[in-house]
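Okay, structure first, notes after.
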Amino acid sequence: VIPGASFEGALADVVERAWTSTAGLPVKRSDAARANEMRETLVQARLHFRGAWHGVVVLEGSAEIARHAAAGMFGTESALLSDEEIRDAWGEITNIVGGNISRFLPGPCQLSTPAVEEIQWRVKPASEGQLIAEVMFVCNNSPFVVGLSGHGEGGHDRCVLGGYRDSANR
Amino acid sequence: MVRADTTAAFLEVTVTVLIVDDSRVMRTIVRRTLRQAGFDGLEFAEASNGAEALQAMQSSSPDLVLCDWNMPEMSGLELLEQLRKSGSPVKLGFVTSESTDSIRDKALEAGALFLVTKPFTAESLQECLQPVLG
Chain A
1 VIPGASFEGA LADVVERAWT STAGLPVKRS DAARANEMRE TLVQARLHFR GAWHGVVVLE
61 GSAEIARHAA AGMFGTESAL LSDEEIRDAW GEITNIVGGN ISRFLPGPCQ LSTPAVEEIQ
121 WRVKPASEGQ LIAEVMFVCN NSPFVVGLSG HGEGGHDRCV LGGYRDSANR
Chain B
1001 MVRADTTAAF LEVTVTVLIV DDSRVMRTIV RRTLRQAGFD GLEFAEASNG AEALQAMQSS
1061 SPDLVLCDWN MPEMSGLELL EQLRKSGSPV KLGFVTSEST DSIRDKALEA GALFLVTKPF
1121 TAESLQECLQ PVLG
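As structure tokens, then:
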């Protein structure tokens, strides 16, 4: 728990570290990259939490940025990557983000393995329970978004994540 | 088990590291980062879950197992428990994104030597592995 910090800040820090250290790419938090402008087909990875807290962390970005990230992670040319390798890389970034978020959760939680698929934005909402935080980034001029939503045991919405009451109640 | 590349022919003793992770890209990153950390001349083997790792270790004995925590079929902790139950003294460390105190305690109690948190750097990997690989 980081006293006084917003959960968006903690989430952004985790994403930036995961992205730069595994893909070796510069990434920038950007409020200008609005999630509702991402209307193309997206690659979406979802990782679920079950236990004292139920929720999901979701990573969404264009096929182009997913391929770009995978190339950095595999250390190869993006044109050489298979769809399976791109899904693997996108899921692993999500796995790292989810695992690092788990330390902020109010009790022990079991993490799923990441599920990755292509979606049409707005057709399938990325939330499960209450939206806790959503942070947008830009890498290589392409936006991507990371969101966390969920609820406490029993489904009550007012779950507070490790003291991030302001974020949880937004 | 997938036998991976490597090793410098001049080494007198080859050190084999078994990397267990359900993500192929993470197995690639671990290998790459080990090289960046200065651990040259290692021989690598790979497995995508605990069950596959156990099977691989029936035919060859790695000097070190680097293992993810959360994997399908058999988790890293289950793998370690199976190994110790069967009397295997193989050195094992976890490389995982889940680094709560609870998980760290479970890992060390089960006999793990260390736990490296993803995302890791060459420096953090070297710090954990130097005492083990020398």
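Respectively, the protein sequence lines represent chains A and B.
Numbering-wise, the working numbering puts 3 at position 3 of the first sequence, and it's gapless, one number per residue.
For any residue, its number in the working numbering is found by taking its place in the second sequence, counting from 1, and adding 1000.
For every residue, glycine included, the Cβ atom is placed at its ideal position computed from N, Cα and C.
(request) Tell me, please, whether the CB atom of B/T1033 is closer than 7 Å to any CB atom in chain A? (result) no
(message) Taking a contact to mean a Cβ-Cβ separation below 7 Å, would you say A/G61 touches A/F144 in this structure?
(response) For A/G61 and A/F144, yes; Cβs fall inside 7 Å.
(message) Taking the straight line between their C-alpha atoms, what separation do you get for B/L1080 and A/E40?
(response) When the Cα atoms are used, B/L1080 and A/E40 turn out to be separated by approximately 44 Å.
(request) Work out the CA separation of B/V1020 and A/A23 for me, nearest whole Å. (result) 20 Å
(request) Within the segment 1072–1116 of chain B, note down every full alpha helix (DSSP H) run reaching 4 residues or more, in order along the chain. (result) 1076–1085 and 1101–1110
(request) Sort B/K1106, B/S1023 and B/F1094 by Cα distance to A/A89 and report the nearest one. (result) B/S1023
(request) Pick helix, strand or coil for B/P1119, following the three-state DSSP scheme. (result) coil
(message) So with CB distances below 8 Å, who are the chain B contacts of A/D88?
(response) S1023, R1024 and V1025
(message) For B/S1102, would you say it is in contact with chain D, using Cβ-to-Cβ distances shorter than 7 Å as the test?
(response) Checking the listed chains, one finds no chain D in this structure; the protein chains it contains are A and B.
(message) Report the CB separation of B/A961 from B/L1125 in whole angstroms; it is logged as a contact under 8 Å.
(response) Residue 961 of chain B cannot be examined here, being either before or after the span of chain B that is shown, 1001 to 1134.
(message) Just verifying my parser: in three-state terms, what is the DSSP assignment at A/L81?
(response) coil
(message) Between B/L1077, B/N1070, B/P1089 and B/S1075, which has its C-alpha nearest B/S1061's C-alpha?
(response) B/P1089
(message) Short of 6 Å in beta carbon distance, which residues of its chain neighbour A/A115, apart from the five on each side in sequence? Order them along the chain.
(response) R46
(message) Please return the same chain residues whose Cβ sits closer than 7 Å to the Cβ of A/E119, not counting the five positions on each side in sequence.
(response) Note on residue identity: the sequence assigns Ile, not Glu, to residue 119 of chain A. Leaving aside the five residues that flank A/I119 on each side, the residues in its chain whose CB is nearer than 7 Å to its CB run, in chain order, L42 and Q44.
(message) Short of 7 Å in beta carbon distance, which residues of its chain neighbour B/I1029, apart from the five on each side in sequence? Order them along the chain.
(response) none
(message) At the 7 Å Cβ level, is B/E1098 part of the contact set with chain A, yes or no?
(response) Yes, B/E1098 counts as interfacial toward chain A.
(request) Could you please give the first and the last residue of the uninterrupted beta strand (DSSP E) stretch that includes A/G61? (result) W53 to S62
(message) For B/C1128, list the residues DSSP reports as bridge partners.
(response) In DSSP, B/C1128 forms no bridge with anything.
(request) Verify whether the separation of the beta carbon atoms of A/N140 and A/H68 is less than 7 Å. (result) yes
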